[in-house]
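S.K.: What follows is a single structure, and I will ask about it in a moment.
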Amino acid sequence: MCPRRGPGRLTLAILALPALCAAPAAAQGTGSLRLGALVQAECALQVMENLTVLDVLGGVRDVPIATVGERCNDGDGYRVVLTSRNNGFLRGQNGDVLSYLVSYGPLEAAKLSAPEPSSPTMPRPIGSSAR
């Protein structure tokens, strides 16, 4: 009988293995089998905007604008890099400029810079979360 593809093939190989190894196993008494696997790192961020309207003329402070969900299975953790398209400023259509600070996890009231390697980064351990 020819082995089938799929689960039947694996079952046939597993059933045949004890028959092939029965005599040496009885002679040795004990043995060991080492199994290993490679798991690819998988990291993801999910940003859920709060759709908050900011009263910039009246002054705002510590207003949550989004919730960020973090997930990563990398043993070394991961880094979150925060950057700003306008170097940490809000720019209005009329040319007005307003600076702002951002807090995220352990990063408190930081001024963001343009996207570049020297932007603020935060190493995050596995299973951490931020709001």
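Read left to right, the sequence shown gives residues -27 to -1, 1 to 104 (mature numbering (1 follows the signal peptide of the UniProt record, and there is no 0)). The beta carbon of each residue, even a glycine, is placed where N, CA and C say it ideally should be.
Extract the residue ranges of the beta strand (DSSP E) inside the stretch 34 to 81, only unbroken runs of 3 or more that lie entirely within it.
M.R.: Whole beta strand (DSSP E) segments, 3+ residues: 39 to 45, 51 to 54, 62 to 64, 70 to 72 and 75 to 77.
S.K.: Work out the CA separation of V33 and Q13 for me, nearest whole Å.
M.R.: 43 Å
S.K.: Using the Cβ count rule (16 or more neighbours within 10 Å means buried), how would you classify L6?
M.R.: exposed
S.K.: Am I right that L55 and V26 are in contact with their C-beta atoms under 8 Å? What's the rounded C-beta distance?
M.R.: With 8 Å as the limit, L55 and V26 do not qualify as a contact, their Cβ atoms being about 22 Å apart.
S.K.: I'd like to know if the stretch 44 to 61 and the stretch 14 to 23 are in contact, where contact means that at least 3 CB-CB pairs between them fall below 8 Å.
M.R.: yes
S.K.: What span of residues does the beta strand (DSSP E) with residue 158 cover, start to end?
M.R.: There is no way to answer for residue 158, as the model of the chain reaches only from -27 to 104.
S.K.: Applying the criterion that 16 or more other CB atoms from any shown protein chain within 10 Å of the CB defines a buried residue, is L85 buried or exposed?
M.R.: buried
S.K.: Give me, in chain order, the residues of the same chain whose beta-carbon lies closer than 8 Å to that of V29; leave out the 5 immediate sequence neighbours on both sides.
M.R.: L63 and L71
S.K.: Taking the CB atoms as reference points, tell me whether G61 and Y77 lie closer together than 8 Å.
M.R.: no
S.K.: Give me the Cβ distance between A10 and N23, rounded to the nearest whole Å; I'm assuming they're in contact under 8 Å.
M.R.: The pair is not a contact, with the Cβ atoms about 40 Å apart (cut-off 8 Å).
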